[in-house]
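Everything in the sequence shown is counted per numbering that gives the first Met the number 0, starting at 0 for the first residue and increasing by one.
Structure first, commentary second.
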Amino acid sequence: MGLAQTAFTLKSRTVRRRSGRFLDELLANEHRPREEISELQASKAAAIARFAAANTVYYARTFAERGVDLTHLEQPEAWQRIPVVERSMVKEHRGEFVSTESNSRTAREAMTGGSSGEPLRLQQDSRVPTLAHAWRMYRWWGVEPWDNLARVGRWGFGLVDNLKTAVTWWPSKQIYLDAKLFDATTMRAFHRSIVQVRPALIEGYVGAMLEFADFLEAEGLSIPTPRAVATTAAPLTDNARHRLASVYGTPVYDEYRGSEINWMAAECRERQGLHVFADTRRIEILGPDGQPVPSGVVGDIVVTDLLNRVFPMIRYRVGDRGKLLDRECPCGVTLPMIAQPEGRTTDVVRLPSGGLINHGLMTMFSEHPESVRMFQVVQAADYSLRIKVVRGDDPLGDEHIRQALAHVRRRIADEVPVTVDYVDSLPQTGGKTKYIISEVGAAEPET
Ligand SMILES: [Zn+2]
Numbered sequence: 000m001g002l003a004q005t006a007f008t009l010k011s012r013t014v015r016r017r018s019g020r021f022l023d024e025l026l027a028n029e030h031r032p033r034e035e036i037s038e039l040q041a042s043k044a045a046a047i048a049r050f051a052a053a054n055t056v057y058y059a060r061t062f063a064e065r066g067v068d069l070t071h072l073e074q075p076e077a078w079q080r081i082p083v084v085e086r087s088m089v090k091e092h093r094g095e096f097v098s099t100e101s102n103s104r105t106a107r108e109a110m111t112g113g114s115s116g117e118p119l120r121l122q123q124d125s126r127v128p129t130l131a132h133a134w135r136m137y138r139w140w141g142v143e144p145w146d147n148l149a150r151v152g153r154w155g156f157g158l159v160d161n162l163k164t165a166v167t168w169w170p171s172k173q174i175y176l177d178a179k180l181f182d183a184t185t186m187r188a189f190h191r192s193i194v195q196v197r198p199a200l201i202e203g204y205v206g207a208m209l210e211f212a213d214f215l216e217a218e219g220l221s222i223p224t225p226r227a228v229a230t231t232a233a234p235l236t237d238n239a240r241h242r243l244a245s246v247y248g249t250p251v252y253d254e255y256r257g258s259e260i261n262w263m264a265a266e267c268r269e270r271q272g273l274h275v276f277a278d279t280r281r282i283e284i285l286g287p288d289g290q291p292v293p294s295g296v297v298g299d300i301v302v303t304d305l306l307n308r309v310f311p312m313i314r315y316r317v318g319d320r321g322k323l324l325d326r327e328c329p330c331g332v333t334l335p336m337i338a339q340p341e342g343r344t345t346d347v348v349r350l351p352s353g354g355l356i357n358h359g360l361m362t363m364f365s366e367h368p369e370s371v372r373m374f375q376v377v378q379a380a381d382y383s384l385r386i387k388v389v390r391g392d393d394p395l396g397d398e399h400i401r402q403a404l405a406h407v408r409r410r411i412a413d414e415v416p417v418t419v420d421y422v423d424s425l426p427q428t429g430g431k432t433k434y435i436i437s438e439v440g441a442a443e444p445e446t
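Here it is, written out as C-alpha cells:
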C-alpha cells in the first residue's frame, strides 16, 4: 500500500467515517438484483416524499392540492400523482422548499451555473457524504479514491474551501484549471502540473477538455497517459469522445451530474450507456403527457434526490432529454441504465411547419468520428440551418460531411436550407460548448 492509499483507508475509518461507510453501502448495492434495487429505491423515494410533505410548505401544499396518497407512495400510481417540480417553481417559491431540518449545520447553499438563464439558488444537505458517489464511479474506471486527479471546469471555491479540500484529500493531489481563465499561460502551467502530479484521471467540461487538447497538440506537448478521462456538463458527442481519446490516449467516460442534484449517473468501463445511481436518485423519463415512457423512448428527465432532507427535490425536471435503456451490463453492475443525455430540452431545431427536432442531431456525424472534431448547429431567425464544423483528419472527411448533411436535409424534408460552414474553433461559454444554438422561438417561456 502506498502512502496515499494508507492515508485514504485510515481517513475513511476515522475523520471521513461517514463517507467510508456510505461508499461501502453504495458498493454493496450496485451488485444487488435489479428487483431489490428497485424496491430499495421505491421505499427511499416514498420516505423522502413523506418527509417533504410533513416538513416543507411547498410539498405539503402541492400534495394536498393533487390528492397525493401518502400511504401508498411505493406504488407507481400513487407516486405519479406527485406533480413535477419545474425550475421556475423553485425560483418562485424557494423559501417554501426549505425543510424544518435546514440550519447552518445541515445545509449548504448551492447555485446552478445559469447556462440556461438566471442561476437557481437552492440548498444541499451537508450531512450527505456525497463524494462517495464520485468514488464509486471512479472505481468503475479503474481509478481509486486515493489517486491524484486533475480537473478542468468552473470552480467557484473560496479560499477556505480550497484549504478544506487540500486537507481532506491529502496526500492525494488534486489540480485545477478554471475554464474561465483559459489562456496560453494558465494552460501551460496546468500542463506542467499534470507532468509533475501524473493524475490517474482528468475530469472536466467537454468544451474545455477539447480546448486543452487542441492546445497540447498545437504546442507539441505530451502528458503522462491518465487511466481515464471523464467529461461532464454538456452532451459528449461521439466525435468529441473520439478526439479526446486520441489526444489523451485513454478511454473517455461520460458522467451525468447537475448543480441541483449532483452525481446522478455515469458510464462504466463498457461505455454503452450510463448506470443510474438508483440507490440514491430516482430518474424517470416522461413523455409530453407527463406519463412515463417505455425504455428506448426519448423524453424529459425528471429526478428525485433520495437523500436531500434540507431542500427536498422530488420529481424535478432537470431540463435535459434522455431515454432509459433496457440493458444488462456485462460489467457486473446491476444499476439500471440510461442512454447518454441528449442535451437541454430548450436546445431544439424548429421547422416552419411547426415540427421540432430535439434529439438525434447529436449523433449527426457519429459514423465518421475522424471527419469532424466538433460541430454546432446554428439556426437563424429565418429558420435556416448553418452547421459549423471543425474538420478532423480524415482525408475523406468532406465527403462524409456532405453525406451527413444530405441525411439532415432528408430528415427535415428540405423545409429550410442547410449549409456547412468550416471553422477553426467554436465559441466557448466557460468551457461549455452548446451544440445547438437557435434564434428561432426565443419567445418560448422557460419551463
Ligand atoms: Zn456497466
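Every residue, glycine too, gets a C-beta built ideally from N, C-alpha and C.
So, helix, strand or coil for residue i, using DSSP?
{"i": "Met-373", "result": "strand"}
{"i": "Gly-94", "result": "helix"}
{"i": "Val-297", "result": "coil"}
{"i": "Arg-104", "result": "coil"}
{"i": "Gln-339", "result": "coil"}
{"i": "Ala-229", "result": "strand"}
{"i": "Gln-195", "result": "helix"}
{"i": "Arg-17", "result": "helix"}
{"i": "Leu-39", "result": "helix"}
{"i": "Glu-509", "result": "Any question about residue 509 goes unanswered here, given that the chain covers just 0 to 446."}
{"i": "Ser-424", "result": "coil"}
{"i": "Ile-435", "result": "strand"}
{"i": "Val-450", "result": "Beyond the ends of the chain as shown, which are 0 and 446, falls residue 450; an answer cannot be given."}
{"i": "Arg-187", "result": "helix"}
{"i": "Met-361", "result": "helix"}
{"i": "Arg-135", "result": "helix"}
{"i": "Arg-49", "result": "helix"}
{"i": "Thr-418", "result": "strand"}
{"i": "Asp-23", "result": "helix"}
{"i": "Ala-63", "result": "helix"}
{"i": "Leu-162", "result": "Interpretation of Leu-162 is limited by its pLDDT of 48, a score under 50 that renders its predicted location unreliable; the figure taken from the coordinates is listed afterwards. Residue state, collapsed to three classes: helix."}
{"i": "Thr-303", "result": "strand"}
{"i": "Leu-350", "result": "coil"}
{"i": "Ala-324", "result": "A small correction: the amino acid at residue 324 is Leu; Ala does not occupy that position in the sequence shown. Three-state result, Leu-324: strand."}
{"i": "Leu-69", "result": "helix"}
Run the CB neighbour count on residue i, radius 10 Å, all protein chains shown included, and call it buried at 16 or more, exposed below.
{"i": "Thr-447", "result": "In this structure the chain extends from 0 to 446, so residue 447 is not present and cannot be described."}
{"i": "Met-208", "result": "buried"}
{"i": "Gln-195", "result": "exposed"}
{"i": "Pro-287", "result": "exposed"}
{"i": "His-274", "result": "buried"}
{"i": "Thr-111", "result": "buried"}
{"i": "Pro-335", "result": "buried"}
{"i": "Leu-2", "result": "exposed"}
{"i": "His-406", "result": "exposed"}
{"i": "Val-296", "result": "exposed"}
{"i": "Glu-398", "result": "exposed"}
{"i": "Glu-259", "result": "buried"}
{"i": "Asp-452", "result": "In the structure displayed, the chain extends from 0 to 446; residue 452 sits before or after that span and is not available."}
{"i": "Val-159", "result": "Note that Val-159 scores 45 on pLDDT, short of 50, meaning its location in the model is unreliable; the coordinates nonetheless yield the value given after this. With fewer than 16 Cβ atoms within 10 Å of its Cβ, Val-159 is classed as exposed."}
{"i": "Thr-279", "result": "buried"}
{"i": "Gln-290", "result": "exposed"}
{"i": "Asp-325", "result": "exposed"}
For the alpha helix (DSSP H) containing residue i, name the first residue and the last one.
{"i": "Ser-87", "result": "86–91"}
{"i": "Gln-123", "result": "Gln-123 -> not in any alpha helix (DSSP H); beta strand (DSSP E) instead, spanning 120–124."}
{"i": "Glu-216", "result": "205–218"}
{"i": "Ser-246", "result": "Before going on, a small fix: residue 246 reads as Val here, not Ser. Looking at the DSSP string, the run of the alpha helix (DSSP H) that includes Val-246 is 237–247."}
{"i": "Lys-10", "result": "2–12"}
{"i": "Ile-400", "result": "396–410"}
Where does the unbroken beta strand (DSSP E) through residue i begin, and where does it stop?
{"i": "Trp-262", "result": "262–266"}
{"i": "Glu-254", "result": "251–256"}
{"i": "Gly-331", "result": "Unbroken run through Gly-331: none, as it is neither H nor E."}
{"i": "Trp-149", "result": "The amino acid at residue 149 is misidentified as Trp; the sequence shows Ala. Note, Ala-149: beta strand (DSSP E), 148–152."}
{"i": "Gln-173", "result": "173–177"}
{"i": "Gly-447", "result": "Outside the displayed range of the chain (0 to 446) lies residue 447, so it cannot be described from this structure."}
{"i": "Leu-273", "result": "273–275"}
{"i": "Arg-31", "result": "Note, Arg-31: premise wrong, no beta strand (DSSP E); not H, not E."}
{"i": "Glu-76", "result": "Premise fails: Glu-76 lies in the alpha helix (DSSP H), 75–78, not in any beta strand (DSSP E)."}
{"i": "Arg-280", "result": "280–285"}
{"i": "Arg-390", "result": "384–390"}
Does any CB atom of chain D fall closer than 8 Å to the CB of residue i?
{"i": "Val-376", "result": "Of the chains in the structure shown, none is chain D; there is only one protein chain."}
Quiz prompt | Contact set, ligand 1 heavy atom to C-beta under 5 Å | solution = After applying the 5 Å Cβ criterion, the set is Cys-267, Glu-269, Cys-328, Cys-330 and Val-332.
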